[in-house]
Structure formats: C-alpha cells, structure tokens
Amino acid sequence: MNNPLSFDELLDYLDNEESAFVLDSVATHGFLTATVIGRPLPNWIEALFEGHVSEIPANVLDGIQRWRESIMAELKNETPIELPFGEDAGNEEVAVDFSDESDIVAWSIGFVDAMYGDEASDWFEDEETAEDVAVLTLPMIVLSGIDDEDPELAQMRADEDKMAQMANSIEGNLTELFLLFHTND
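Quick note: the sequence shown uses full-length UniProt numbering, first residue 1, plus one each step.
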C-alpha cells in the first residue's frame with residue numbers, strides 16, 4: 001500500500017469528509033464493531049460506504065480494513081472493545097448527552113446500520129438465540145433512535161436513567177453477542 005494512513009489520519013478523514021455516504025469515526029467504529037461481533041456481513045465495506053467504495057481513496061479503505069482487524073484482534077485476545085464515547089455514559093451520577101449529536105448515539109447508529117446492512121444476514125434468524133440477540137442489541141437500537149415511531153422504544157429513550165443503564169451495558173453486551181455468534185455452545 002502506497003501512502004498508508006496513520007490511525008489519526010484515518011479518523012481525521014472520516015470526521016472531515018462531508019460526503020453523505022461516509023460515516024464519522026465514531027459511527028464507523030460502531031459499524032465495524034457490529035461486523036466483527038455479529039453475523040457475517042459479506043459486503044461490509046460496500047455497506048459501510050453505501051455502494052460508493054470506488055469513490056473512497058485506497059489508503060482510507062486500507063485504514064478501515066486495518067481498523068476492523070484491530071477490533072477483531074481485541075476480541076480474540078479476550079480484551080473488551082474500547083468504545084469511542086465518554087466514560088461517563090454508564091455513570092448515573094453524571095449527566096450524559098444522549099442527544100442526536102452525541103457520540104454514543106452516533107456509535108449506536110453505525111452499529112445498527114451494520115446489523116441491518118444485509119437482509120441475507122439476519123441476526124434474528126436462529127429461533128434459539130433470537131430473544132438473546134434482541135435483549136443484547138436493545139441498548140444500541142434504543143440509543144440509535146432508529147425506530148422512534150415505536151412507543152415503547154420512544155418511552156425508553158425519554159427515560160435518562162434507563163438510557164444510562166443501557167449505555168453501561170453495551171460493553172458487556174458486545175462480548176455476549178460475540179460469544180453467541182462465534183462459539184458453538
């Protein structure tokens with residue numbers, strides 16, 4: 001690879017790109033995390049850039065691949081995924097920003113985008129695990145605001161304490177989802 005990007009340069013590109021089909025770095029992390037822990041998403045790079053991969057510089061694509069591999073390595077080393085949003089997200093003593101512009105919401109949107117990125121890759125297809133998947137992905141779905149028309153989800157979203165509890169559960173839920181999808185227990 002000619003001219004590979006450093007991690008900081010990759011983040012700068014994602015955060016400064018004004019294109020409608022490029023997620024910011026926090027949402028990209030959520031997307032990549034979902035592609036690593038969940039059901040295989042064969043065309044994940046196409047889904048990430050909404051079919052506009054040919055418009056993305058090769059060194060950015062390389063950087064995205066390396067970032068995804070590092071997330072996968074964290075999980076394989078049994079290290080919890082380091083989430084790119086505030087440490088206070090799960091601290092009920094501190095007011096946390098759950099607005100549409102917050103990092104935790106952006107990360108959750110990226111995660112849910114990947115989760116539903118391919119109809120052929122249904123996270124809920126296995127009847128034995130569908131309920132567990134629903135419970136473990138609920139925080140990301142609620143935080144993303146993806147289904148605000150659902151009165152139950154909207155009610156959860158309006159409850160700051162519930163939102164803090166959900167935010168606090170994400171790290172553990174990611175590990176549980178990874179084990180659910182990648183072990184034969």
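A virtual CB, placed ideally from N, CA and C, is assigned to each residue, including glycine. Just so you know, these numbers come straight off a predicted model, no measurement behind them.
Following the DSSP letters along the chain, one finds E18 in no alpha helix (DSSP H), marked with neither H nor E. Around the beta carbon of S6, a 10 Å sphere encloses fewer than 16 other beta carbons of the protein chains shown; the residue is thus reported as exposed. Between E18 and L83 a beta carbon distance of about 25 Å is seen, past the 8 Å cut, so the two are scored as non-contacting. Closest by C-alpha distance to L48, out of V60, E152, T28, is T28.
Take L177, set aside five residues on each side of it, and the residues of its chain with a beta-carbon closer than 6 Å to its own are I37, L136, in chain order. Boundaries for I146: no alpha helix (DSSP H) harbours it, and the DSSP string shows neither H nor E there. Inter-residue distance for A167 and I104 is about 8 Å (C-alpha atoms, whole angstroms).
Taking a cut-off of 8 Å for Cβ pairs, the region 111–126 and the region 140–158 touch, as three or more such pairs fall below it.
In terms of Cα proximity to E46, the closest of D8, F98, D97, G117 is G117.
Within the model, the alpha-carbon separation for Q165 versus D148 is close to 19 Å. Around the beta carbon of N16, fewer than 16 other beta carbons sit within 10 angstroms, so the residue counts as exposed.
Distance from the CA atom of Y13 to the CA atom of V53, rounded to whole angstroms, is 15 Å.
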